[in-house]
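Heads up, the sequence shown is in the working numbering, so the first residue is 17 and it goes up one at a time.
See below for the structure under consideration.
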Amino acid sequence: GIKTIMLSGDNIKTVEAISKKIGIDYFQAEMLPQDKLIYIKTLKNKGFKVAMVGDGINDAAPLSEADIGISPGSGTDISIESSQIIIVNNNLINIFNSIILSRLIFKKIKQNLFWAFFYNLIALPLAIAGILHPVIAEIAMATSSINVILNSLRIRNIKLK
Numbered sequence: 017g018i019k020t021i022m023l024s025g026d027n028i029k030t031v032e033a034i035s036k037k038i039g040i041d042y043f044q045a046e047m048l049p050q051d052k053l054i055y056i057k058t059l060k061n062k063g064f065k066v067a068m069v070g071d072g073i074n075d076a077a078p079l080s081e082a083d084i085g086i087s088p089g090s091g092t093d094i095s096i097e098s099s100q101i102i103i104v105n106n107n108l109i110n111i112f113n114s115i116i117l118s119r120l121i122f123k124k125i126k127q128n129l130f131w132a133f134f135y136n137l138i139a140l141p142l143a144i145a146g147i148l149h150p151v152i153a154e155i156a157m158a159t160s161s162i163n164v165i166l167n168s169l170r171i172r173n174i175k176l177k
């Protein structure tokens, strides 16, 4: 569900060749920094969520404008300062990994909220009404907390590229 767009100041032949080789959906070449900024703003105004990857001084403004700015650790200081995610080892596959990991974390957050609400909406009222013994309610609460922790720790087992 992610569309990739390459915005580059390089010449069209270079940008086209790279885009085809790595599977970019759409590209624009010979862009000035302000053109990139306008392009990002246009995408956001259309309701798209925008992640921008850039490493140079001319990428600072578009990186700041994007919903998520991503820079390799070898990028210029200003591009790094303008980004929310820094790829420390400069391996761009980690952009893909960060997307996978963020989606997994969001899924785990929703699961954990479900279990927390499940306990609070069922066990607590039953304990307050005297239907559920307080010790059993406490065991259920501890089990719910342990379940949330163990569910979160399962993220460590994910194999990234």
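Quick reminder that beta carbons are idealized off the backbone N, C-alpha and C, glycines included.
In terms of Cβ geometry, G85 and G63 do not form a close pair [threshold 9 Å]. Taking C-beta separations shorter than 7 Å and ignoring five residues to either side along the sequence, the partners of A67 in its chain run A82, D83, I84, I86, following chain order. Of the candidates A45, N107, F112, D51, the residue whose Cα lies closest to the Cα of G17 is F112. Put simply, of P141, L117, S160 the residue whose alpha carbon is nearest the alpha carbon of I171 is L117. Going by beta carbons, P49 and N74 fall inside the 9 Å limit.
Of all C-beta pairs linking the region 102-111 to the region 119-130, fewer than three are shorter than 8 Å, placing the two stretches out of contact.
The region 99-165 contains, as complete alpha helix (DSSP H) runs of 4+ residues, the segments 109-134, 140-144 (chain order). Exclusion of the five residues before and after L23 leaves Q44, M47, K52, Y55 as the residues of its chain whose Cβ lies within less than 7 Å of its Cβ. For E32, the CB contacts under 8 Å within the same chain, skipping 5 residues up- and downstream, are F43, A45 in chain order.
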